[in-house]
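Contents: one structure, followed by commentary.
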Amino acid sequence: FDGFYVCRTIRKISKTPIIIISARNGEMDQILGMELGADDYILKPFSFEILIAKIKSSLRRIYGEYSETPKNANTNVNTNANTNINALILDHKGFKVTYLNKTIELSKNEFKLINLFIENKDCIIEREKILEELWDENLFVDDNTITVNVSRVKSRFMELGFKDVIKTKRGVGYRLDSTVFD
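In terms of my numbering, the sequence shown opens at residue 1 and continues consecutively.
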């Protein structure tokens with residue numbers, strides 16, 4: 001099996017951090033890896049210092065000081081509540097998004113990003129703000145990683161039946177168009 005298959009299989013049963021290290025340097029390979037559930041994608045050749053920093057960062061986010069707690073300063077998310085726009089409901093306990101009768105499980109970054117979009121609906125969220133929200137160590141985050149994560153969220157909305165929910169303001173950031181939920 002290839003790494004994409006392994007990533008998809010692990011993600012079905014666990015939310016453990018997954019970092020793909022690959023010589024496949026195509027943009028579509030990176031996007032596919034992230035869409036299948038990887039938290040990061042490192043291209044070969046790479047620096048071991050960057051790998052160690054990314055591993056530490058992932059572990060801190062999932063298990064350490066930045067992990068989800070009822071009062072998490074990193075995300076400002078109340079894990080006992082739901083966030084909604086009309087019939088769209090973001091479940092903070094189960095990391096799920098529901099619209100009408102369709103529910104989709106989310107990765108941690110997908111959840112954080114959708115929550116950020118809902119909290120700032122109809123306002124442009126700068127790429128820098130997304131970077132700060134999703135990663136505690138943005139020193140090693142590739143600009144393409146933001147694009148990949150936003151693409152993943154767009155595909156989640158498409159699974160719920162919404163097209164063009166996330167609007168791109170080229171060179172600035174992204175905006176959630178809440179009118180589509182009316």
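Idealized CB from N, CA, C, for every residue including glycine. The model shown is predicted, which means the values in this text are computed figures rather than measured ones.
Return the Cβ separation of residue i and residue j in integer angstroms, given the expectation that the two are a contact with Cβ distance under 8 Å.
i, j, result
"Ile-42", "Lys-54", "7 Å"
"Lys-44", "Ser-58", "In fact, because the Cβ distance is near 19 Å, the residues do not count as touching under 8 Å."
"Lys-167", "Arg-175", "5 Å"
"Arg-26", "Cys-7", "Looking at the sequence shown, residue 26 is not Arg but Gly. That belief does not hold up - the Cβ atoms of Gly-26 and Cys-7 are roughly 16 Å apart, past 8 Å."
Grab me the residues of residue i's own chain with a C-beta within less than 8 Å of its C-beta, minus the 5 sequence neighbours each way, in chain order.
i, result
"Asn-109", "Asp-39, Leu-134, Asn-149, Arg-152"
"Thr-75", "The predicted position of Thr-75 is uncertain, since its pLDDT is 40 and thus under 50; no value can be drawn from it."
"Leu-32", "Phe-4"
"Ser-14", "none"
"Asp-182", "Asn-86"
"Leu-160", "Leu-88, Val-97, Tyr-99, Lys-102, Ile-104"
"Arg-156", "Val-97, Ile-104, Leu-106, Glu-110, Ile-114"
"Ile-10", "Thr-16, Ile-18, Gly-37"
"Lys-129", "Leu-116, Gly-173"
What residues in its chain sit with their C-beta under 6 Å from that of residue i, if we drop five residues either side in the sequence?
i, result
"Ser-188", "No information on residue 188 is available, as it lies outside the stretch 1 to 182 that the chain covers here."
Nearest to residue i by CA position, among the options, is which residue?
i, options, result
"Ile-104", "Phe-117, Ile-89, Ile-118", "Ile-89"
"Met-34", "Ser-107, Leu-51, Val-180", "Ser-107"
"Gln-30", "Thr-145, Phe-95, Lys-96, Asp-182", "Thr-145"
"Arg-24", "Lys-56, His-92, Asp-2", "Asp-2"
Let me confirm a value: residue i is counted as buried when at least 16 other C-beta atoms fall within 10 Å, else exposed. Which label applies?
i, result
"Ile-114", "buried"
"Pro-70", "With a pLDDT of only 37 at Pro-70, under 50, the local geometry of the prediction cannot be trusted, and the value read off the model is given with reservation. That one is exposed."
"Thr-16", "exposed"
"Ala-73", "With a pLDDT of 38 at Ala-73, under the threshold of 50, the predicted position of this residue should be treated as unreliable, though the coordinate-derived value follows. Exposed is the call here."
"Ile-18", "buried"
"Ile-20", "buried"
"Phe-117", "buried"
"Lys-12", "exposed"
Just to confirm my understanding: we take residue i, look at its own chain, exclude 5 residues before and 5 after, and list those with CB closer than 7 Å. What are they?
i, result
"Leu-100", "Ala-87"
"Lys-96", "Thr-103, Ile-104, Glu-105, Leu-106"
"Val-180", "Phe-162, Val-165"
Would you check if the distance between the CB atom of residue i and the CB atom of residue j is smaller than 8 Å?
i, j, result
"Val-172", "Glu-126", "yes"
"His-92", "Thr-83", "yes"
"Lys-154", "Ile-124", "no"
When the cut-off is 8 Å and only beta carbons count, does residue i lie next to chain C?
i, result
"Leu-88", "The structure shown has no chain C; it contains just one protein chain."
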